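Peer 1:
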Amino acid sequence: MDIEKAVSEQMELISMGAVEIIPVEELREKIKRSIESSRPLTVKLGVDPTRPDLHLGHSVPLTKLKHFQQLGHQVVLIIGDFTALIGDPSEQDETRPVLSPEDVEANARTYVEQASKIIDTSRARIVRNSEWLAPLSFRDVIQLASKFTVARIMERDDFSRRLKENRPLGLHEFLYPLMQAYDSVALDADVEIGGTDQKFNLLAGRNLQKSLGKSPQCIITLPLLVGTDGVQKMSKSLSNDISLTDPPDEMFGKVMSISDEVMWDYYALISGLKPRDIEEIRMAVEAGEISPRDAKERLAIEIVKRYYSEKEAFSAAEEFKRIFRERKVPTEVPVYVLDPADFPDAKVWIVDLLVRVNFATTKSEARRLIHEGGISIDGESVRDVNLEVNPQDLKGKIIQKGKRTFIKIELK
RNA sequence: GGGGGAGUGCCCGAGUGGUUAAAGGGGGCGGACUGUAAAUCCGUUGGCGCAGCCUACGUAGGUUCGAAUCCUACCUCCCCCA
């Protein structure tokens with residue numbers, strides 16, 4: 001029978017990059033029934049509109065959602081406008097600023113906009129959880145709470161850890177998993193996806209559905225994307241992130257800067273390519289037919305393409321080659337306008353100039369750069385810290401710092 | 001309410017009276033190499049027109065020829081008991 005084969009094919013795509021699928025057999029069953037009855041599964045992803053700055057890490061679950069969409073399932077993106085007011089304690093920050101409804105609204109819009117670059121939002125359901133959470137009465141909440149035991153909530157290790165370490169743990173934080181779980185009930189979710197840090201919350205949904213006599217959802221956890229440092233999870237505060245608002249060239253460059261090993265995680269989690277295609281590339285690299293550099297270039301192109309266009313992705317690739325392989329000056333160099341009137345005796349001290357154009361924040365740093373041979377003017381390395389130039393002579397010249405920072409001087 | 005501990009450079013973390021602008025690591029920056037802004041190696045990482053000077057070890061005072069190191073007060077954080 002071809003059904004088994006179809007199920008396996010779906011499972012292959014769904015499992016790609018996933019850390020855990022709980023329980024796997026149950027998911028197979030669901031998919032099988034879905035195919036047999038040609039009734040799509042309801043797949044849920046919840047996002048908290050708590051921040052405006054999204055990065056590639058946020059696209060991991062969205063990419064998985066896209067996989068489901070490709071397989072013809074019904075995906076639901078839940079904007080946690082209600083839960084955002086509490087703040088998921090999963091990250092133990094504690095210092096979470098209270099967001100105004102306007103902020104939440106703005107962030108929600110950004111989120112949907114970014115999501116639309118990955119999933120087909122016209123075929124997805126996009127809902128806000130205030131829709132069903134806001135009307136709940138205190139009595140409803142208590143009734144829901146009775147379905148959970150404290151011991152069970154304490155299974156969550158960040159809760160128990162915080163308690164053990166005598167760090168504050170708000171009662172309201174206990175209710176967070178409950179709210180997220182209720183989302184699953186309200187939607188009759190078949191599958192919920194989330195990061196590994198969400199495992200507990202996802203399981204809470206499954207448990208709550210069971211206690212209310214509904215069919216429990218399967219859960220899929222996905223790894224947290226490693227940042228450009230190759231070690232820690234991607235996060236803006238660690239400044240190892242690739243922001244979705246980074247211009248194409250920068251996004252491309254940052255992807256090229258990830259290590260060869262983590263490139264495969266990126267492929268599996270956010271390239272949008274099929275498992276087979278990725279496997280093919282991987283084999284070719286292992287066989288030495290494709291260099292890791294080229295494989296990474298392909299990855300960078302795929303990623304930039306998602307957020308911009310194919311054209312911009314290719315031109316970013318060209319530019320990258322130009323600067324780093326051929327060591328040439330980029331096609332577009334930012335311009336710094338120098339006013340000769342600032343220099344009455346027609347002399348600019350190189351150290352001052354470097355600070356002026358922001359290549360260094362202090363004169364000491366500027367000196368250091370020169371000592372280290374990191375500065376050149378029109379390709380000629382500057383060695384003399386005391387160098388003085390006539391501003392007129394700088395017109396049209398390109399000053400370079402390190403390998404990738406350029407600025408062109410123009411006169412006022 | 002009682003008892004105890006800690007605050008060091010971007011971050012972590014040594015240092016308990018004198019070559020300490022402060023070990024070591026991380027991160028950043030620069031260089032070499034290369035297949036890339038991978039990996040690896042090397043250098044550098046308070047300020048100042050810098051062979052010198054100034055400012056720095058929670059804050060403010062004090063002891064001393066001399067303090068990040070000792071004393072006093074204050075602030076902040078943490079732990080134990082209630």
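Our numbering numbers the first residue of the first sequence as 1 and each following residue consecutively.
Ideal placement from N, C-alpha and C gives every residue a C-beta, glycine not left out.
Only a predicted model underlies this, so the values are computations on that prediction, with no experimental measurement involved.
Ordered along the chain, which non-local residues of its own chain (more than five positions away) have a Cβ less than 6 Å from that of I281?
Peer 2: Excluding positions up to five away in sequence, the list reads A295.
Peer 1: Counting beta carbon pairs with one atom in the region 64-77 and one in the region 36-49, are three or more of them shorter than 8 Å?
Peer 2: These segments touch.
Peer 1: With I370 as the anchor, note down where its alpha helix (DSSP H) starts and where it stops.
Peer 2: From DSSP, the alpha helix (DSSP H) with I370 extends over 363-371.
Peer 1: What are the complete alpha helix (DSSP H) segments, minimum 4 residues, inside the region 300-350?
Peer 2: As far as the region 300-350 is concerned, its whole alpha helix (DSSP H) runs of at least 4 residues are 310-320.
Peer 1: Straight-line CA distance for A115 to A108?
Peer 2: Cα to Cα, A115 sits roughly 10 Å from A108.
Peer 1: Fully enclosed by the region 186-236, which beta strand (DSSP E) runs are 3 residues long or longer?
Peer 2: Here the runs fully enclosed are 191-195, 218-222.
Peer 1: Select from H58, E131, S271 the residue whose C-alpha is nearest the C-alpha of E297.
Peer 2: E297 has its Cα closest to that of S271, out of H58, E131, S271.
Peer 1: Using only alpha-carbon positions, find the residue among V389, I370, N390 that is nearest to V382.
Peer 2: When each option's Cα is compared against that of V382, the closest is I370.
Peer 1: Tell me, to the nearest whole angstrom, how far the beta carbon of D249 is from that of E319; I am working on the premise that it is less than 8 Å.
Peer 2: That belief holds up - the Cβ atoms of D249 and E319 are roughly 6 Å apart, short of 8 Å.
Peer 1: From this set, Y182, V60, E29, K233, which residue's C-alpha is nearest Y267's C-alpha?
Peer 2: Nearest C-alpha to Y267: V60.
Peer 1: Starting from E279, follow the beta strand (DSSP E) in both directions and report where the run begins and ends.
Peer 2: Run containing E279: none in the beta strand (DSSP E); it sits in the alpha helix (DSSP H), 275-286.
Peer 1: Excluding five sequence neighbours on each side, which residues of the same chain lie with their C-beta closer than 6 Å to the C-beta of L338?
Peer 2: Once the five neighbours on either side are set aside, the close Cβ partners of L338 are P391, I409, L411.
Peer 1: Once DSSP output is grouped into helix, strand and coil, what is the label at E261?
Peer 2: In the structure shown, E261 sits in coil (DSSP, three-state: anything other than H, G, I, E or B).
Peer 1: Quick check on the DSSP output: the alpha helix (DSSP H) that includes K64 runs from which residue to which?
Peer 2: Here the alpha helix (DSSP H) through K64 covers 59-70.
Peer 1: Hey, how far is the Cα of Y176 from the Cα of T83?
Peer 2: Distance between the alpha carbons of Y176 and T83: 7 Å.
Peer 1: Tell me the DSSP secondary structure of R33 in three-state form.
Peer 2: In the structure shown, R33 sits in a helix (DSSP, three-state: H, G or I).
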